[in-house]
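Enquirer:
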Amino acid sequence: MTSTKILPESEVTPRVSHGDGDHERFSHYADKNKITESYVTGAPVRALCGKVWVPSRDPKKYPVCPECKEIYEGLPKGKPSDD
5 MTSTKILPES
15 EVTPRVSHGD
25 GDHERFSHYA
35 DKNKITESYV
45 TGAPVRALCG
55 KVWVPSRDPK
65 KYPVCPECKE
75 IYEGLPKGKP
85 SDD
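Under this note's numbering, the first residue of the sequence shown carries the number 5, and numbering increases by one thereafter.
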């Protein structure tokens with residue numbers, strides 16, 4: 005005969021690893037058009053560092069992701085337009 009035991013409810017607090025959780029503390033660089041589209045459609049975007057998220061907060065309230073900044077600064081600079 006088997007018995008079933010009901011455990012009392014407990015509050016579970018997820019642990020945030022330094023690898024994945026740190027992404028939530030930064031604003032990220034991504035294609036401006038895709039960010040705008042994401043605000044309208046809710047579709048996720050991919051940052052330069054690889055984080056995939058749906059933008060929903062003011063990026064000015066957070067420091068820039070160091071990985072995104074490093075990648076951005078390493079990109080070739082575009083030519084200025086004649087407009």
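Think of the CB as a built atom: it goes at the ideal place given N, C-alpha and C, for glycine as much as any other residue.
#1: Would a C-beta distance cut-off of 8 Å place VAL56 and ARG50 closer than the cut-off?
#2: Below 8 Å CB to CB, which residues in the same chain sit around SER42 once its five sequence neighbours on both sides are set aside?
#3: How far does the alpha helix (DSSP H) with PRO70 in it reach, from first residue to last?
#4: May I have the straight-line CA-CA distance separating SER31 from GLY82, to the nearest angstrom?
#5: Identify whether VAL49 lies in helix, strand or coil by the three-state DSSP scheme.
Expert: Quick answer:
#1: Sequence index remark: in the sequence shown, residue 56 carries index 52 (1-based). Sequence index remark: in the sequence shown, residue 50 carries index 46 (1-based). In contact: VAL56 and ARG50 (Cβ atoms closer than 8 Å).
#2: Against the sequence shown, residue 42 aligns to sequence position 38. Answer for SER42: PRO48, VAL49, VAL58 and PRO59, listed in chain order.
#3: Residue 70 sits at position 66 when you count from the first residue of the sequence shown. Start and end: 70-78.
#4: Within the sequence shown, the letter at position 27 stands for residue 31. Within the sequence shown, the letter at position 78 stands for residue 82. Whole-angstrom Cα-Cα distance: 23 Å.
#5: Translated into positions along the sequence shown, residue 49 becomes position 45. Correct three-state label for VAL49: strand.
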